[in-house]
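What follows is a single structure, written as structure tokens, with notes after it.
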Amino acid sequence: ISGMIGRLIEGFRDALGRELARERGSASGRWSRAYARASFAEDRWYLQVSAGLLAAVAEDPALLDPLRRGFEDGQRWAERDGIDPSVGTLVRLAADGLFFAELFGFAPPEGRLRERVLEALLSLTKGARR
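If you use the working numbering, the sequence shown corresponds to residues 99 to 228, in order.
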């Protein structure tokens, strides 16, 4: 279970790193846009290892501590991304919500709607200065 959670964290960090590299030269909102794009990736690789989350909740919730720390780090980044912290937090929560909607099959947006939701999140980060 711990290994699956570690893979989930590592895989997302890799995806986020790739998206941050695309944002090179950008200033305000850079992290929030990268986080949204990494979360909305079409390959959805993370669903293959996310069963570890469910197993951890049932077996030993302390196994989720590394993931909790990752979300806490993400919140800190959202708050200091050079945009209104409420907008950075909104983008993070929406992206995280997509993950959990997909994990549990709770009506995640598909196709063009999914693309439009990502576009809306990205547009929130532009012009949302502190």
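We treat Cβ as the ideally placed atom computed from N, Cα and C, and that holds for glycine.
From the listed residues G180, L220, W175 and D112, the smallest Cα separation to W143 is found for D112. Around the Cβ of A160, a 10 Å sphere holds fewer than 16 other Cβ atoms; the residue is exposed.
Nearest Cα to A192 within the set D163, G209 and L220: L220. Of the candidates R116, G104, A132 and S100, the residue whose Cα lies closest to the Cα of K224 is A132. For T223, no alpha helix (DSSP H) encloses it, and the DSSP letter there is neither H nor E.
Here the region 112–131 makes contact with the region 176–184; the two share three or more CB pairs at distances below 8 Å. In the displayed model, I107 falls within a helix according to three-state DSSP. Contact annotation: G168 and S100 have beta-carbon atoms that are not nearer than 9 Å. Two segments are said to touch when three or more pairs of C-beta atoms, one from each, lie closer than 8 Å; by this definition the region 207–220 does not touch the region 111–125. Cβ-Cβ separation between L106 and S148: approximately 6 Å, consistent with a contact (criterion under 8 Å).
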